[in-house]
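For the record, the sequence lines run as chains A and B.
Using our numbering, read the first sequence as starting at 1 and increasing by one per residue.
Using our numbering, read the second sequence as starting at 340 and increasing by one per residue.
There are 2 protein chains.
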Amino acid sequence: MAASIEDVAREAGVSIATVSRALRGLPDVAETTRARVLEAAAELNYVASPFAARLASGRTSTVGVVVPFVNRWFFAQVIDTIESTLREGAYDLVLYNLGDEAGRARFFEEMPLRKRVDAIVIASLVLSEAEFAALDDLGLPVGLLGVDRPGYVSTRIDDAAGAQVAVEHLLSLGHTRIGLIGGDTSDPMRFTPPHHRQRGYRAALEGSGITPEPALEVLGYFTVGGGTTAAETLLALPERPTAIFAESDEMAYGAIRAIRTAGLQVPGDVAVIGFDDHVHSELMDLSTIRQPVAEQARDLTLRLLSELGRGDDEQGDPVVIMPTSLVVRGSTDPSRSVY
Amino acid sequence: MAASIEDVAREAGVSIATVSRALRGLPDVAETTRARVLEAAAELNYVASPFAARLASGRTSTVGVVVPFVNRWFFAQVIDTIESTLREGAYDLVLYNLGDEAGRARFFEEMPLRKRVDAIVIASLVLSEAEFAALDDLGLPVGLLGVDRPGYVSTRIDDAAGAQVAVEHLLSLGHTRIGLIGGDTSDPMRFTPPHHRQRGYRAALEGSGITPEPALEVLGYFTVGGGTTAAETLLALPERPTAIFAESDEMAYGAIRAIRTAGLQVPGDVAVIGFDDHVHSELMDLSTIRQPVAEQARDLTLRLLSELGRGDDEQGDPVVIMPTSLVVRGSTDPSRSVY
DNA sequence: CTGTTAGCGCTTTCAA
DNA sequence: TTGAAAGCGCTAACAG
Numbered sequence: 001m002a003a004s005i006e007d008v009a010r011e012a013g014v015s016i017a018t019v020s021r022a023l024r025g026l027p028d029v030a031e032t033t034r035a036r037v038l039e040a041a042a043e044l045n046y047v048a049s050p051f052a053a054r055l056a057s058g059r060t061s062t063v064g065v066v067v068p069f070v071n072r073w074f075f076a077q078v079i080d081t082i083e084s085t086l087r088e089g090a091y092d093l094v095l096y097n098l099g100d101e102a103g104r105a106r107f108f109e110e111m112p113l114r115k116r117v118d119a120i121v122i123a124s125l126v127l128s129e130a131e132f133a134a135l136d137d138l139g140l141p142v143g144l145l146g147v148d149r150p151g152y153v154s155t156r157i158d159d160a161a162g163a164q165v166a167v168e169h170l171l172s173l174g175h176t177r178i179g180l181i182g183g184d185t186s187d188p189m190r191f192t193p194p195h196h197r198q199r200g201y202r203a204a205l206e207g208s209g210i211t212p213e214p215a216l217e218v219l220g221y222f223t224v225g226g227g228t229t230a231a232e233t234l235l236a237l238p239e240r241p242t243a244i245f246a247e248s249d250e251m252a253y254g255a256i257r258a259i260r261t262a263g264l265q266v267p268g269d270v271a272v273i274g275f276d277d278h279v280h281s282e283l284m285d286l287s288t289i290r291q292p293v294a295e296q297a298r299d300l301t302l303r304l305l306s307e308l309g310r311g312d313d314e315q316g317d318p319v320v321i322m323p324t325s326l327v328v329r330g331s332t333d334p335s336r337s338v339y
Numbered sequence: 340m341a342a343s344i345e346d347v348a349r350e351a352g353v354s355i356a357t358v359s360r361a362l363r364g365l366p367d368v369a370e371t372t373r374a375r376v377l378e379a380a381a382e383l384n385y386v387a388s389p390f391a392a393r394l395a396s397g398r399t400s401t402v403g404v405v406v407p408f409v410n411r412w413f414f415a416q417v418i419d420t421i422e423s424t425l426r427e428g429a430y431d432l433v434l435y436n437l438g439d440e441a442g443r444a445r446f447f448e449e450m451p452l453r454k455r456v457d458a459i460v461i462a463s464l465v466l467s468e469a470e471f472a473a474l475d476d477l478g479l480p481v482g483l484l485g486v487d488r489p490g491y492v493s494t495r496i497d498d499a500a501g502a503q504v505a506v507e508h509l510l511s512l513g514h515t516r517i518g519l520i521g522g523d524t525s526d527p528m529r530f531t532p533p534h535h536r537q538r539g540y541r542a543a544l545e546g547s548g549i550t551p552e553p554a555l556e557v558l559g560y561f562t563v564g565g566g567t568t569a570a571e572t573l574l575a576l577p578e579r580p581t582a583i584f585a586e587s588d589e590m591a592y593g594a595i596r597a598i599r600t601a602g603l604q605v606p607g608d609v610a611v612i613g614f615d616d617h618v619h620s621e622l623m624d625l626s627t628i629r630q631p632v633a634e635q636a637r638d639l640t641l642r643l644l645s646e647l648g649r650g651d652d653e654q655g656d657p658v659v660i661m662p663t664s665l666v667v668r669g670s671t672d673p674s675r676s677v678y
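Printed below as a string of structure tokens:
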């Protein structure tokens with residue numbers, strides 16, 4: 001069987017308490033003793049049992065990461081970044097994928113993270129008051145990605161501002177009839193972006209004296225297929241838009257497909273701009289609003305860990321807002337077209 | 340503080356041993372007693388501390404999932420599926436993202452899963468003998484996704500056969516000069532697919548009496564950008580290929596871009612077929628070999644869990660090979676072109 | 001600087 | 001069918 005702390009103590013000729021201290025790098029251990037312990041541990045190929053340590057110390061060295069999806073580019077990127085950031089700090093990542101509405105309900109009812117994590121990251125979910133209350137009951141630090149709320153550590157972008165820049169880009173190109181392909185603002189998973197990106201879209205139009213028109217705002221459900229259907233709806237309008245702002249790149253891809261399938265040109269007949277700067281957007285020659293995904297995830301994780309490190313003395317600004325940037329490609333500017 | 344098993348025992352008027360048995364659904368507990376315990380537990384909002392349970396029982400109820408990447412479509416899909424399958428069985432998923440070669444070396448040296456998981460899933464990695472030895476030292480069941488090896492539970496597709504079908508499709512369309520965009524078979528992450536897909540490519544050619552030509556096999560590194568560069572190399576050949584088989588859809592996307600950028604048509608001048616049936620391939624109108632990603636991940640996970648359930652009596656076929664299928668779209672067949 | 005000792009909150013014999 | 005008690009392998013006072 002695997003070596004235990006007692007084996008190491010015996011081998012090094014010290015007590016188990018000293019082994020524990022030496023291995024964890026605590027102060028007040030003579031260097032010669034520490035060296036002896038380290039050597040014994042190495043020889044026996046010893047690693048402490050995390051569960052025994054967790055039970056004894058009360059610290060789990062684990063962070064729960066809650067996501068609505070994992071097989072979407074944005075979330076995969078987020079999980080990737082959080083995992084490596086946590087591992088640097090010797091924390092484990094336990095993943096919770098909400099999936100559908102039933103999974104979400106189950107999660108908040110059973111609270112499977114109870115007694116098993118030191119902190120929680122919630123990615124891109126707008127929680128209800130009841131859900132926040134359930135979370136608060138745990139008494140753990142919670143980090144919010146993409147949303148903010150008083151009393152929580154959070155990192156996000158300014159979705160409304162980004163959307164506004166996207167639409168202003170279209171306006172500056174002379175477009176005045178601009179469609180919106182958005183998420184369902186009453187979506188069961190209650191994503192944050194749709195609300196804010198829609199707001200930015202409307203603000204940009206109003207800033208140019210254009211009154212937002214309900215018929216120009218259609219649902220794309222943040223999928224490629226949804227974007228296609230939405231664009232078909234927009235193209236079928238009596239007076240069709242000359243430009244489309246999609247609240248995500250994937251919906252924009254779908255829109256481009258619909259436009260081309262209809263025998264029209266991008267951007268000649270209809271210009272398209274997305275949001276995110278998905279890895280495939282350069283390939284698709286899609287103009288978009290770039291958001292720093294990995295940077296946001298890393299920033300949030302580091303700040304959450306530092307809060308764990310120092311106890312609960314709320315320091316530093318609890319909400320960090322990262323910048324987005326306009327990326328102009330061929331889908332709005334023909335002179336930049338790749339093909 | 341959270342309720343402990345003692346609180347429940349007191350509330351229900353039984354011993355903690357009975358609470359433990361009742362809550363875990365063990366037999367030999369009177370139904371009336373069980374009901375009383377369940378009620379007390381519900382009232383106190385009790386859940387057992389997983390760490391205490393793990394320490395006492397030696398079972399961790401956790402599976403480690405090791406991947407070379409998480410932010411790629413294939414792996415995100417795999418993680419998603421494994422997570423939900425594990426959760427059905429009340430197992431936690433602890434994620435290990437190898438990242439680069441240094442991360443891989445660190446992983447096999449430190450073996451961070453030691454003493455913390457009941458089983459391990461290794462996704463799409465070809466391990467060295469030393470790495471397998473390190474894994475075997477753990478004495479845990481290991482599931483292999485995409486690879487197989489005697490003594491291990493595994494689920495995979497027949498990469499060589501799939502690749503052969505792809506190339507035979509091109510041959511059937513009359514192409515005889517067919518380029519290959521592949522992965523580095525000496526890649527540091529030692530992916531499995533490149534070896535086998537290259538083999539299938541060559542077998543198909545030889546089956547038609549065509550001798551594989553080294554100049555027609557170029558590296559695309561399994562990325563869009565790599566596919567672009569690789570295709571540029573192929574197009575610059577004195578006698579350029581009329582068709583390209585890319586070992587992954589993402590490389591195929593890059594190839595399509597390169598072909599169009601060169602002012603050529605797909606499939607008129609150069610036909611392209613990929614491998615995977617990535618979510619965006621329908622959008623890209625790309626012919627491909629579809630592989631059942633979620634099904635493979637789920638099958639492997641279930642079989643691993645069932646092995647955990649029954650102890651170590653090796654039952655059932657340890658290797659499952661799932662079928663791939665040819666999906667013909669506009670990138671090889673102009674009559675199917677979407678645009 | 002180091003050792004002793006009492007838990008952490010469960011599971012699991014062994015008896016009753 | 002139930003209870004008593006002995007751990008599981010550590011950490012964290014508290015002494016020394």
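Every residue, glycine too, gets a C-beta built ideally from N, C-alpha and C.
Would you report the Cα separation of residue i and residue j, rounded to the nearest angstrom?
{"i": "A:Glu6", "j": "B:Asn384", "result": "37 angstroms"}
{"i": "B:Gly565", "j": "B:Met590", "result": "6 angstroms"}
{"i": "B:Leu671", "j": "B:Leu574", "result": "Residue 671 of chain B is actually Thr in this sequence, not Leu. Spanning the two alpha carbons is a distance of roughly 17 angstroms."}
{"i": "B:Val368", "j": "A:Arg106", "result": "28 angstroms"}
{"i": "B:Ile595", "j": "A:Leu113", "result": "46 angstroms"}
{"i": "A:Arg87", "j": "A:Asp80", "result": "11 angstroms"}
{"i": "B:Arg516", "j": "B:Ala543", "result": "12 angstroms"}
{"i": "B:Val402", "j": "A:Val266", "result": "48 angstroms"}
{"i": "A:Val165", "j": "A:Thr192", "result": "18 angstroms"}
{"i": "A:Arg336", "j": "A:Val270", "result": "15 angstroms"}
{"i": "A:Arg260", "j": "A:His169", "result": "22 angstroms"}
Compare the beta carbon distance of residue i and residue j with 7 angstroms and say whether it is the shorter of the two.
{"i": "B:Leu394", "j": "A:Phe275", "result": "no"}
{"i": "A:Tyr91", "j": "A:Val66", "result": "no"}
{"i": "A:Val121", "j": "A:Gly143", "result": "yes"}
{"i": "B:Gln416", "j": "B:Val659", "result": "no"}
{"i": "B:Thr494", "j": "B:Leu641", "result": "no"}
{"i": "A:Thr233", "j": "A:Gly254", "result": "no"}
{"i": "B:Tyr311", "j": "B:Val506", "result": "Outside the modelled stretch of chain B, which goes from 340 to 678, sits residue 311 of chain B, for which no answer is possible."}
{"i": "B:Thr424", "j": "B:Arg637", "result": "yes"}
{"i": "B:Gly521", "j": "B:Thr663", "result": "no"}
{"i": "A:Leu93", "j": "A:Pro68", "result": "no"}
What residues from chain A crowd round residue i, counting only those whose CB sits closer than 9 angstroms?
{"i": "B:Ser511", "result": "Those do not exist, as B:Ser511 stays about 27 angstroms from chain A at its closest Cβ, beyond 9 angstroms."}
Output, in chain order, the set of chain A residues within a Cβ distance shorter than 7 angstroms of residue i.
{"i": "B:Arg455", "result": "Pro50"}
{"i": "B:Gly485", "result": "Within chain A, no residue comes near B:Gly485; the closest Cβ sits about 17 angstroms away, beyond 7 angstroms."}
What residues from chain B crowd round residue i, counting only those whose CB sits closer than 7 angstroms?
{"i": "A:Ala76", "result": "Val409, Asn410, Ala415"}
{"i": "A:Ser84", "result": "Asn436, Gly438"}
{"i": "A:Val63", "result": "Near A:Val63 there are no residues of chain B at all, since even the closest Cβ is about 11 angstroms away, more than 7 angstroms."}
Chain A partners of residue i, CB-CB under 8 angstroms?
{"i": "B:Arg393", "result": "Phe51"}
{"i": "B:Val605", "result": "What B:Val605 touches in chain A: nothing, since even the nearest Cβ is about 11 angstroms away."}
{"i": "B:Asp431", "result": "Val94, Arg116"}
Helix, strand or coil for residue i? Go by DSSP, reduced to three states.
{"i": "A:Gly263", "result": "coil"}
{"i": "A:Glu110", "result": "helix"}
{"i": "A:Thr342", "result": "Outside the shown range of chain A (1 to 339) lies residue 342 of chain A, about which nothing can therefore be said."}
{"i": "B:Glu427", "result": "helix"}
{"i": "B:Gly352", "result": "coil"}
{"i": "A:Ala119", "result": "strand"}
{"i": "B:Ile418", "result": "helix"}
{"i": "A:Tyr201", "result": "helix"}
{"i": "B:Arg629", "result": "strand"}
Given that residue i touches chain B, what residues does it touch there, using C-beta distances under 9 angstroms?
{"i": "A:Val142", "result": "Those within 9 angstroms of A:Val142 in chain B number zero; the least Cβ separation is about 17 angstroms."}
{"i": "A:Ile79", "result": "Val409, Asn410, Ala415, Ile418, Leu434, Asn436"}
Give the residues of chain B in contact with residue i, contact being defined as C-beta atoms less than 8 angstroms apart.
{"i": "A:Leu283", "result": "Val563, Tyr592, Gly593, Arg596"}
{"i": "A:Val272", "result": "Result: empty, since nearest Cβ-Cβ is about 13 angstroms, beyond 8 angstroms."}
{"i": "A:Ala2", "result": "Arg453, Lys454"}
Pairing CB atoms from the region 282-302 of chain A with CB atoms from the region 125-133 of chain A, are three or more of them under 8 angstroms? No, the region 282-302 of chain A does not touch the region 125-133 of chain A.
Does the region 191-208 of chain A come within contact of the region 239-249 of chain A, defined as at least 3 CB pairs closer than 8 angstroms? They touch, by the three-pair rule.
Would you call the region 210-218 of chain A and the region 19-39 of chain A in contact, with 3 or more CB pairs under 8 angstroms? The region 210-218 of chain A, when compared against the region 19-39 of chain A, does not touch it at the 8 angstroms Cβ threshold.
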